[in-house]
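Here my numbering is used: the first residue of the sequence shown is 16, the next is one more, and so on.
One structure is given below, encoded as structure tokens.
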Amino acid sequence: MKNRLVRTIDKELIFDYAKRLQIAEQLDKKAGLMSYGQQQRLAIIRSFAQPFEWLLLDEPFSHLDKETSGIASELIHSVCKERNAGVIVTKLNEETFLEGSTQIIL
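Quick look at the structure:
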């Protein structure tokens, strides 16, 4: 059985995630100099850098347009599937990204 917890994440994988999220050219910048959308995408990548069995994301698509939200959603889904991990997402609007088998509306 493949170990679910990734101990380290290599630079090539980070760069691949950044390319997919269209911020590879921003990786050398300080986060404070990035736009809110770029910071949001960087935060998604940073969430993958630690071992996890569950990924908790608080409004991961805020400040992202619909197309970029879809790309981010696909990346989050594929990383969680690869690691056999669950994902919990909070959202305040009617985004349809990361639809799962169970939704709890409070």
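Every residue, glycine too, gets a C-beta built ideally from N, C-alpha and C.
{"Query": "Beta-carbon proximity check, Tyr-32 vs Phe-63, cutoff 8 angstroms", "Result": "yes"}
{"Query": "Buried/exposed call for Val-107, threshold 16 Cβ in 10 Å", "Result": "The sequence given here places Leu at residue 107; Val does not occur at that position. Per the 10 Å Cβ criterion, exposed."}
{"Query": "Simplified DSSP state of Ile-86, which is helix, strand or coil", "Result": "helix"}
{"Query": "Uninterrupted alpha helix (DSSP H) stretches inside the segment 31-70 (no shorter than 4 residues)", "Result": "51-63"}
{"Query": "N-terminal and C-terminal residue of the beta strand (DSSP E) that Ile-103 is part of", "Result": "101-105"}
{"Query": "Whether His-78 touches Gln-55 by CB criterion (8 angstroms)", "Result": "yes"}
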